[in-house]
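What follows is a single structure, written as structure tokens, with notes after it.
Number of protein chains: 2
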Amino acid sequence: MDITIKDVALKANVSIATVSRVLNQSKPVSKAVRERVLEVVEELGFNPNPVARTLIMKESRLIGVLIPGIENMFISIFVQAIEEELFKHNYTTLLCNTNRDLDVELHYLKLLKEKYVDGVVLLTSAPKPKQIQFFENHAVPVVFASHTDQEGRFSCINIDDYQATYDATRYLIQLGHRKIAFFGGPRVYVQIVRRLAGYKQALADYGIEYDEKLIYEQDYDIESGYESGMKLFRQEDRPTAICCVSDMVAIGAIRAADDSGLRVPEDISVMGFDDIPIAKAYRPGITTVRQPVYELGVQAAQMLLKQIREKEDYVPEVKLLPHEIIVRGSCMTVKG
Amino acid sequence: MDITIKDVALKANVSIATVSRVLNQSKPVSKAVRERVLEVVEELGFNPNPVARTLIMKESRLIGVLIPGIENMFISIFVQAIEEELFKHNYTTLLCNTNRDLDVELHYLKLLKEKYVDGVVLLTSAPKPKQIQFFENHAVPVVFASHTDQEGRFSCINIDDYQATYDATRYLIQLGHRKIAFFGGPRVYVQIVRRLAGYKQALADYGIEYDEKLIYEQDYDIESGYESGMKLFRQEDRPTAICCVSDMVAIGAIRAADDSGLRVPEDISVMGFDDIPIAKAYRPGITTVRQPVYELGVQAAQMLLKQIREKEDYVPEVKLLPHEIIVRGSCMTVKG
DNA sequence: CTGTTAGCGCTTTCAT
DNA sequence: ATGAAAGCGCTAACAG
Numbered sequence: 001m002d003i004t005i006k007d008v009a010l011k012a013n014v015s016i017a018t019v020s021r022v023l024n025q026s027k028p029v030s031k032a033v034r035e036r037v038l039e040v041v042e043e044l045g046f047n048p049n050p051v052a053r054t055l056i057m058k059e060s061r062l063i064g065v066l067i068p069g070i071e072n073m074f075i076s077i078f079v080q081a082i083e084e085e086l087f088k089h090n091y092t093t094l095l096c097n098t099n100r101d102l103d104v105e106l107h108y109l110k111l112l113k114e115k116y117v118d119g120v121v122l123l124t125s126a127p128k129p130k131q132i133q134f135f136e137n138h139a140v141p142v143v144f145a146s147h148t149d150q151e152g153r154f155s156c157i158n159i160d161d162y163q164a165t166y167d168a169t170r171y172l173i174q175l176g177h178r179k180i181a182f183f184g185g186p187r188v189y190v191q192i193v194r195r196l197a198g199y200k201q202a203l204a205d206y207g208i209e210y211d212e213k214l215i216y217e218q219d220y221d222i223e224s225g226y227e228s229g230m231k232l233f234r235q236e237d238r239p240t241a242i243c244c245v246s247d248m249v250a251i252g253a254i255r256a257a258d259d260s261g262l263r264v265p266e267d268i269s270v271m272g273f274d275d276i277p278i279a280k281a282y283r284p285g286i287t288t289v290r291q292p293v294y295e296l297g298v299q300a301a302q303m304l305l306k307q308i309r310e311k312e313d314y315v316p317e318v319k320l321l322p323h324e325i326i327v328r329g330s331c332m333t334v335k336g
Numbered sequence: 001m002d003i004t005i006k007d008v009a010l011k012a013n014v015s016i017a018t019v020s021r022v023l024n025q026s027k028p029v030s031k032a033v034r035e036r037v038l039e040v041v042e043e044l045g046f047n048p049n050p051v052a053r054t055l056i057m058k059e060s061r062l063i064g065v066l067i068p069g070i071e072n073m074f075i076s077i078f079v080q081a082i083e084e085e086l087f088k089h090n091y092t093t094l095l096c097n098t099n100r101d102l103d104v105e106l107h108y109l110k111l112l113k114e115k116y117v118d119g120v121v122l123l124t125s126a127p128k129p130k131q132i133q134f135f136e137n138h139a140v141p142v143v144f145a146s147h148t149d150q151e152g153r154f155s156c157i158n159i160d161d162y163q164a165t166y167d168a169t170r171y172l173i174q175l176g177h178r179k180i181a182f183f184g185g186p187r188v189y190v191q192i193v194r195r196l197a198g199y200k201q202a203l204a205d206y207g208i209e210y211d212e213k214l215i216y217e218q219d220y221d222i223e224s225g226y227e228s229g230m231k232l233f234r235q236e237d238r239p240t241a242i243c244c245v246s247d248m249v250a251i252g253a254i255r256a257a258d259d260s261g262l263r264v265p266e267d268i269s270v271m272g273f274d275d276i277p278i279a280k281a282y283r284p285g286i287t288t289v290r291q292p293v294y295e296l297g298v299q300a301a302q303m304l305l306k307q308i309r310e311k312e313d314y315v316p317e318v319k320l321l322p323h324e325i326i327v328r329g330s331c332m333t334v335k336g
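Taken in sequence, the protein lines are chains A and B.
Note that full-length UniProt numbering gives residue 270 to position 270 of the first sequence, counting from 1, and the numbers run on in steps of one.
Note that full-length UniProt numbering gives residue 81 to position 81 of the second sequence, counting from 1, and the numbers run on in steps of one.
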């Protein structure tokens, strides 16, 4: 593979150390020499071999991004945002799909460390003990996304899951709904736990009794929403509203309503979460809790970059971005 | 960073060369020694440093995946498929979003080469001259996706764009439609050119005149479909059907119809492309041309792996996977 | 300011 | 079958 630092040194009549110095500006070099070197570099089209560099410097300009899957547009956009932001700073994204498998996650973490990635963005449930241990042992910069670390050990980027779901539920209540189902993900996710807490609190604040039977624990995708919906609509005395954990789930639920002969929003209100592009295009438009998805990704990248820059001086930060209820057509006042 | 081959050699009382040999099985080692080394490796939890290895071997177990963006679910699923297939074979995915910018593309290609990636999957329009030159100069394994190379220089994985669009158009014609709009992407993409050719041929075969005014060139996303739709529906003497370049475009078009007081499919039939999950869940279900998206990704990965394995012996192959018209609710026979 | 030299952690001749 | 030693391409003391 072509042309090395040696070739440059030779042609410029200097030592390789000098070439290295002008390229990295690590030590002063006389103007004359610097210019000659730069010229030769240009002329030969020399590019330092990043792998050799990594071996010494223990840094790779690679960032690992661990995600649970890409079936949800939220994640696609999030990843795209990270990739674009990192690209600006000359970092490249190593995409690792863990499929929610802890072993795969750990495997990837180990692999990333060996490749000397400069940092990792983790989009998984809560940091599990093994992960925590990993990051404490190896001191690789990390930011957790869609998670809020209470103990201040790790940097996090997220919205306020609790408040967002509280707001969503309250919105439904203010529309007159008293019986509101919750289509959530598995409760092993702290995200779900916190959202559920927001939901419960809203109910409590408005004197509505919490009913465990209205809680459906599935996943974040269309299929889950559909299945939960079909199950729910078979029950008698069904709710007048559903609070969903994602827009995809909402879409599944709406479809299930359709297949059950129910109209949205006339017979049942459905509230989404995320506000991915499809939420706006859907008919009816999906009333939803907007997350600033792209911004979340950008900030995840920036926090990581900051962490890399500041090293030991860096103090973990938890950043909560604002959410917003976007009113469209999938929710309405409950019929008298 | 921890434990190296030296530590193992020391503890096992052998030379580092021997350790290397048992780990790579590159030369015979006596059973006794081998076992002892393996024991120490186990005991110390030694992992060869892949970066040092890359520096010598010029291979990284990294695969670059270049995509134009992730706003379309087709790409997300495609990328996920590649990632999962590569993971099985111990390769990791470097995700590069080019945003359709040729310079970014070239930049990434250069970067990937420097990182000694073992291969790259390219999901972009046609191979442009500079890319072709790149791959010819550097001999890095590559497979083009969603593109069919006529000249047999590069491996490709795709469906038959021409035939697929021909079939879609014919389906619409057989439903009685004579005036069919085409919502496509920019014609700089060979993919679009070939699809357009299929569309035209179908019209011709059924004695329908081709009308340039019915062709809309935008992008693959919802917004594009919506804009094209709004424009189209303002015209008088509007078509009775639309043939779209993606399901997202179809969704945008349906929404536009809705906003224009048109019903789908009663007033206008809309045909999608891809069959992403949302197509099934949408109301009405979107009649569409199914691409085996996931399978496309898996095969892209496999072709690349084969290419890496066989090196010079490898003969570029063009693989076309079958498509299928999925009939749902967004298209119907033309009225009266 | 500049050159010489010793590695980073590994693979691979070349001897033995 | 095994070890010593020479690099892969680069950075960073260490001398001058």
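Quick reminder that beta carbons are idealized off the backbone N, C-alpha and C, glycines included.
Quick caveat: nothing in here was measured; it's all calculated off a predicted structure.
| Item | Value |
| --- | --- |
| Beta-bridge pairing of A/Gly272 - partner residues as DSSP gives them | A/Thr288 |
| Backbone secondary structure at A/Thr92 - three-state DSSP | strand |
| Buried/exposed call for B/Leu304, threshold 16 Cβ in 10 Å | buried |
| Extent of the continuous alpha helix (DSSP H) to which B/Ser224 belongs | Ile222 to Arg234 |
| Closer than 8 Å to chain A by CB, B/Thr92 | yes |
| Cβ pair count under 8 Å reaching 3, the stretch 243-254 of chain B against the stretch 176-186 of chain B | yes |
| Exposure of B/Ile56, with buried meaning 16 or more beta-carbon neighbours within 10 Å | exposed |
| Coarse secondary structure for A/Ile208, derived from DSSP in three states | coil |
| Candidates A/Tyr108, A/Gln150 and A/Leu214, of which the one nearest A/Arg234 by Cα | A/Leu214 |
| Near-chain B residues of the stretch 24-56 of chain A - C-beta to any C-beta below 8 Å | Asn47, Asn49, Pro50, Val51, Ala52, Thr54 and Leu55 |
| The beta strand (DSSP E) enclosing B/Met162, as first and last residue numbers | Reading the sequence as shown, one finds Tyr at residue 162 of chain B and not Met. B/Tyr162 -> not in any beta strand (DSSP E); alpha helix (DSSP H) instead, spanning Asp161 to Gln174. |
| Beta-carbon proximity check, B/Tyr91 vs B/Gly64, cutoff 8 Å | no |
| Limits of the unbroken beta strand (DSSP E) element including A/Ala181 | Ile180 to Gly184 |
| CB contact check: A/Ala281 to chain B, cutoff 8 Å | yes |
| Sub-8 Å separation of B/Ile326 and B/Arg283 beta-carbons | no |
| Assigned exposure category for A/Lys335 - 16 Cβ within 10 Å defines buried | exposed |
| Continuous beta strand (DSSP E) stretch holding A/Tyr216: start and end | Ile215 to Glu217 |
| CB contact check: residue 345 of chain A to chain B, cutoff 8 Å | An answer regarding residue 345 of chain A cannot be provided, because it is not within the stretch 1 to 336 covered by chain A. |
| Min CB distance A/Ile286 to chain B below 8 Å | no |
| Closer than 8 Å to chain B by CB, A/Met73 | yes |
| Nearest-angstrom beta carbon gap, B/Glu105 and B/Thr124 [assumed within contact, 8 Å] | 6 Å |
| is_contact[A/Gln191, chain B] using C-beta, thresh 8 Å | no |
| Contact between the stretch 68-79 of chain A and the stretch 285-302 of chain A (3+ Cβ pairs under 8 Å) | yes |
| Residue-chain proximity (A/Ser272, chain B), Cβ-Cβ < 8 Å | Just to set this straight, residue 272 of chain A is Gly in the shown sequence, not Ser. No, its Cβ sits nowhere closer than 8 Å to a Cβ of chain B. |
| A/Lys148 to A/Asn158 span [Cα, whole Å] | Note on residue identity: the sequence assigns Thr, not Lys, to residue 148 of chain A. Spanning the two alpha carbons is a distance of roughly 7 Å. |
| Cβ of B/Ile278 within 8 Å of any chain A Cβ | yes |
| Complete alpha helix (DSSP H) runs within the stretch 44-84 of chain B (minimum length 4 residues, chain order) | 50-57 |
| Min CB distance residue 337 of chain A to chain B below 8 Å | No information on residue 337 of chain A is available, as it lies outside the stretch 1 to 336 that chain A covers here. |
| A/Arg255: contacting residues in chain B (beta-carbon distance under 7 Å) | Ala281 and Arg283 |
| Supposed contact pair B/Cys244 and B/Val270 - C-beta distance, whole angstroms, cut 8 Å | 7 Å |
| Identity of the residue in A/Pro129, A/Ala257, A/Leu86 and A/Lys88 nearest A/Asp103 by Cα | A/Pro129 |
| B/Lys31 burial status per 10 Å Cβ neighbour count (16 or more: buried) | exposed |
| Beta strand (DSSP E) runs contained entirely in the stretch 109-148 of chain A, provided each spans 3 or more residues | 119-122 and 142-145 |
| Candidates A/Thr165, A/Leu232, A/Glu223 and A/Glu310: closest to A/Pro322 by CA position | A/Thr165 |
| Same chain, Cβ closer than 8 Å to A/Tyr210, neighbours up to 5 away in sequence not counted | Lys200, Leu203 and Ala204 |
| Cβ of A/Leu95 within 8 Å of any chain B Cβ | yes |
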